[in-house]
Structure formats: C-alpha cells, structure tokens
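As numbered in this note's numbering, residues 1455 to 1929 make up the sequence shown, in order.
Beta carbons: idealized from backbone N, C-alpha and C, even for Gly.
As structure tokens, the structure follows; a few thoughts come after it.
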Amino acid sequence: MRNFLLLLTFLPIFLIAQPVFRGAKIVGNYPNTFFLHTIAATGEKPIVFTAKELPVGLSLDVSTGIIYGTAPKAGIYKVEVSATNKSGTSTQTLELNIGEKLALTPPMGWNSWNVFTSDIDEKIIMEIADAMVNTGMRDAGYEYINIDDYWHADTREADGKPKVDEKKFPNGMKHVADYVHSKGLKLGIYSCASEFTCGRRFGGYGYEEIDAKTYAEWGIDLLKYDYCFAPWNRKTAIERYTKMGEALKNSGRSIVFSICEWGVRKPWKWGAAAGGSYWRTTFDIFDHWKGNNPFQLSVMQILKQQIGLEKYAAPGAWNDPDMLIVGNYGKGNATSARGKFKGLSDTEYQSHFALWCMLNSPLLSSCDLRNMNDATKNILLNNELIALNQDIEGKQATLVSKKKGIWVYKKELSDGVAYAVFNTNSKQKSFVVSELIEKKIKGTVKDLVSGKVVSNSGEAINLDAHQTFVFKVNR
Ligand code: GLA
1455 MRNFLLLLTF LPIFLIAQPV FRGAKIVGNY PNTFFLHTIA ATGEKPIVFT AKELPVGLSL
1515 DVSTGIIYGT APKAGIYKVE VSATNKSGTS TQTLELNIGE KLALTPPMGW NSWNVFTSDI
1575 DEKIIMEIAD AMVNTGMRDA GYEYINIDDY WHADTREADG KPKVDEKKFP NGMKHVADYV
1635 HSKGLKLGIY SCASEFTCGR RFGGYGYEEI DAKTYAEWGI DLLKYDYCFA PWNRKTAIER
1695 YTKMGEALKN SGRSIVFSIC EWGVRKPWKW GAAAGGSYWR TTFDIFDHWK GNNPFQLSVM
1755 QILKQQIGLE KYAAPGAWND PDMLIVGNYG KGNATSARGK FKGLSDTEYQ SHFALWCMLN
1815 SPLLSSCDLR NMNDATKNIL LNNELIALNQ DIEGKQATLV SKKKGIWVYK KELSDGVAYA
1875 VFNTNSKQKS FVVSELIEKK IKGTVKDLVS GKVVSNSGEA INLDAHQTFV FKVNR
C-alpha cells in the first residue's frame, strides 16, 4: 500500500519529465531548396530524437533534433518524430509542407533592434544564438536570429553586391549564418525598399535580384524589408515589395519575407500577394504601456490598432504588431527613446506577451537574451501560451467584448477555444468566467499565465491592473 501511495505521489513528476513537443508542428519550405528545422521539445536532457519516413535528402541529428538537408519535391510529408529521455517517449506527427508558402505558423525568434540598434557585431549575434539554445528558447520553438539595421558597410561592393561592415562582421555574413545554422537556428537580415535604410545605410531599391541572390549565398533565411525614404503612395509600395518578394522567391532559397511599411498602406490587403509572410501593422513599439505618441507607440495603442485585422491573418500571412519589448525595462537602445520610456511592469510585459500570442503575432523577442532575469524567462518560455500562438489552425483572436475596461479575446484553435480576459483598467477588477464569457463553460479553468486553477461555479477572479487571464476550453 505504502509503495502504491509513493508511486501515486511520484507518477506526475515522471510524466512531467517526459519530453513534450513545442513550437511548430507544420513547417513550410520551397521544393529543392535548403531545409532546416529543429524539433523543439522540453524535458530532462539528454533527449534522443528519431524521425520515421523522413524524405530523401533530409537528415536528422538524433541528439539535437535538428533536421537539415535539401527539401524534396512539392508535396505534404508527414513525418513521425519521437523524443525519448529516461522518463519515456513522446511521439507526434510533424508535417513538412513543401510548396509555395513559408512561415505556416508565426515565426518565433529574436531581433537585434529594440535592444541594440546599431551596436551589433558578429560576437553579439553569435552569443545571442548561444543564449537562445542555453536558455531553453530553442526548445520552446524560437528559431530566427534576425539582424536589423546597421550591418552594412558604407557602400556596396564595386560590382553592386551588398557588403557587410567589416569591423562589425570581420568574417563575413556567411560565417555568422553557418554558425547560427549549426545551432539549428536560422538567420534573418534587414534592408529597405528605397535607396537608404531607416538608419541611412544602403537600401535594396534597384538591387533586388543581386541582393536576394547574395543573401541566398550567405545563407540568409529571412528578410525584413523597411520603407524609409520611399514614395508614400500605395501603388509604389506594392510594386517595390512585389519586386523584392519575387527576387526572394527566385533566389534558390526559402527566405521568409517580412514587410515593414508600418501598416500605413493597409499591407494586410496586399502583403501576401507581394510575397510577404507577415507585415507590420503599426509604427514602432516603444517601452511604455499607454502613451499616445503616434510615432512612438505604446502597447495599448498597438492593441487598439489590431482590432478588426484578424480576418486577414492565415497560415503564411500574419499581421505583425511589432517585436516584443519583454525584458527591456526601459533599457533598450531603440525602445527607451534615450531614456524617455522607463519600461513596463512584469505584469504588463506578461499581458503584452499573452496578447501577442493570442493575436498570432510573430514572436520576436528583442531583449538581451544573454542577461534575462527570471521574470523575463518565465514570460518568454510560457509553453502553453506559445502553443496558442503556434496552433496549426492559424486563427488570430478576435476582441469579442469590452465591458467596463475588461477586454475579452477569443481565439479558435484546432482542438478548442482560448479566451484572454485582459484588465485594461489601472486598478484591480474582478470577473466571473460564466458571466463574462459563456454560461456553458463548466468545471474549472486554468490560467495559462499563472498556472492557477479556478472553479467556474461563479467564483470571482481578481485581475490586477493590466493583468491578463488566459484559459483554454478543449473541444
Ligand atoms: C524602422 C523599423 C524598425 C527598425 C528601424 C531600423 O523604424 O520600423 O523596426 O527596423 O527602422 O532603422
């Protein structure tokens, strides 16, 4: 009897320690081009991976879960992957969707801009890649390391090819890409649809083919394409983005195209046709909760601007309400605006992350991953919130109610529905799930943010100022 009780006590621990798959369960890639995907799984290390019916041309590194090689011809390949550690084995189907679309779930990764602006170099980028692995972010599904503005030399090469700043990248961009790929991660870069980038480095206009080809040679996996110093009208923007979108498609590599014209010309209506996998819907995010500067946006301003855009999001075509500011604490080179913005509270960063997950935003962290405090790690590594973001259905949440400053978002999932209850008030408020949402939700609900389980038989739930409660109802 005693042994039996002991077993019952320890059983859940064993179950928890078994590997759990995270991140994308469906991966898009162009046929016959370089393929890289890391099977993300949490659980006690070492974990050994297997993959059944991996298409010819692809290999699996069994100790890291990195799948790499050349993608097969167009088609849908269902690969049964397993992850085993000393507590057990988990299996799942990973769908390789080889065709015309990339980013079939919102891209997850990191971008240099918010925290470093121009202060980037090879060493920092490689250390960030290391940190993405060492902090467990890769295991949670984070994948891209995106270099933003200021990687450029003063001028292009004599033959027109793009050139890196040799002081910052003494071994060239391919060297950085090779390193990032060796970690099972992907490398993103930045340019602009005009003569200059926003930081006045050389832009891509007129050099689309040569840039796309060179990026492919360097091993670039994503391009963020900005719109400073370009003609304001929509027609020109569509032409310029389409030109680069096509050049990337013809580059011989699967390069995700991130459109960044700040939502000014409604890119949700034409971004996918221009070849974009996601498009910014707003001007830049800054590290404050609810200011009203039209060019230095707060989290609340951005949230208001997302209302109604959900109908434009679909797998491979996402709205991008800008990068995450989680963990910047008023110290980001870009997002603090020279000390003007002091940052958010952890509760606010948590809400920002939870709502970006609900909105199917790309999850691009932009703090210094080498020095995150525990609160930042907890926020960025919340697997249950990430699972909502990465759900294969690809449905962005809709804001369904706004009573008394409590905003309720509803997100349809492949296996149920998720709700986020967000207290926009600057004081504590309470709510009752069945009164606010649906009478038929019975039993208990678990807050995916705090992990707290709450009875739904009329129990009032307190939400602090700016706090968010997220729960899922399975079908
Ligand atoms: C614009 C973009 C930002 C960043 C900077 C770089 O402001 O919106 O995200 O890329 O340019 O200069």
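Using alpha carbons as the reference points, say which of the options lies closest to residue i.
i     : options                    : result
P1526 : A1495, E1838, S1708        : S1708
Y1596 : D1619, V1634, D1573, G1729 : V1634
R1592 : L1639, H1629, D1602        : L1639
L1809 : K1865, K1857, N1825        : K1865
R1792 : L1818, I1915, Q1750, D1515 : Q1750
L1839 : A1701, S1799, S1815, T1524 : S1815
K1858 : I1756, G1870, F1876, G1848 : F1876
A1495 : L1835, N1928, K1881, G1870 : L1835
D1675 : I1915, Y1644, V1710        : V1710
M1812 : Q1760, S1799, S1819        : Q1760
T1830 : Q1844, F1656, Y1873, N1782 : N1782
Y1644 : D1603, F1650, I1664        : D1603
S1884 : Q1844, A1594, L1842, L1917 : L1917
A1528 : T1878, I1891, V1510        : V1510
E1498 : M1698, E1889, G1519, A1471 : A1471
W1686 : C1652, I1664, R1719, K1617 : R1719
T1690 : L1702, R1654, A1647, K1703 : A1647
Quick one: what's got a C-beta closer than 6 Å to residue i's C-beta in the same chain, skipping five residues either side?
i     : result
L1461 : Low per-residue confidence applies at L1461: pLDDT is 47, beneath 50, and the placement is therefore not dependable enough to give any value.
V1924 : A1808, A1874, L1902, V1903
K1906 : none
D1845 : L1867, S1868
S1880 : A1919
V1432 : The structure shown does not extend to residue 1432, since the chain is modelled only from 1455 through 1929, so no value can be given for it.
For residue i, which of helix, strand or coil comes out of DSSP?
i     : result
V1587 : helix
F1795 : coil
H1606 : strand
N1565 : strand
E1620 : coil
K1723 : helix
N1928 : strand
G1870 : strand
S1805 : helix
G1699 : helix
K1881 : coil
L1676 : strand
L1917 : strand
I1530 : strand
Q1850 : coil
S1648 : coil
T1543 : strand
F1711 : strand
G1912 : coil
F1923 : strand
G1482 : strand
R1694 : helix
Does the beta-carbon distance from residue i to residue j come in below 8 Å?
i     : j     : result
N1568 : M1777 : yes
P1560 : W1772 : yes
V1780 : Y1803 : yes
G1870 : N1928 : yes
E1700 : G1729 : yes
V1502 : V1481 : no
A1557 : S1731 : yes
Q1882 : T1801 : no
Q1546 : F1489 : no
K1628 : G1673 : yes
F1570 : N1787 : yes
L1817 : N1843 : yes
I1521 : A1537 : no
F1650 : H1606 : no
L1512 : G1519 : no
I1601 : S1636 : no
T1668 : K1615 : yes
Cutting at 8 Å between CB atoms, please list the residues of its own chain near residue i, excluding the five before and the five after it.
i     : result
A1599 : Note that residue 1599 corresponds to Ile in the displayed sequence, not to Ala. Excluding positions up to five away in sequence, the list reads G1563, W1564, I1579, I1582, A1583, M1586, V1634, L1639, K1640, L1641, G1642.
A1670 : S1705, G1706, R1707, I1709
E1507 : Y1531, K1532, V1533, E1534
H1806 : V1753, L1778, I1779, V1780, L1798
Enumerate in chain order the residues of its own chain whose CB-to-CB distance from residue i is below 7 Å, with the five nearest sequence positions on each side excluded.
i     : result
F1795 : F1740, D1741, H1742, G1784, T1789
F1464 : Bear in mind that a pLDDT of 47 at F1464, under 50, signals an unreliable position, so the number given afterwards is only what the model happens to contain. Nothing listed; no residue qualifies.
W1724 : I1692
V1899 : V1887, V1908, N1910, F1925
Point to revise | the region 1472-1487 touching the region 1545-1553, judged by at least three CB pairs closer than 8 Å | key: yes
Review point. Just checking, does the region 1672-1692 make contact with the region 1711-1726 on the three C-beta pairs under 8 Å criterion?
Key: yes
Check your understanding: For the 8 Å Cβ check, are there 3 or more pairs between the region 1523-1538 and the region 1610-1628?
Key -> no
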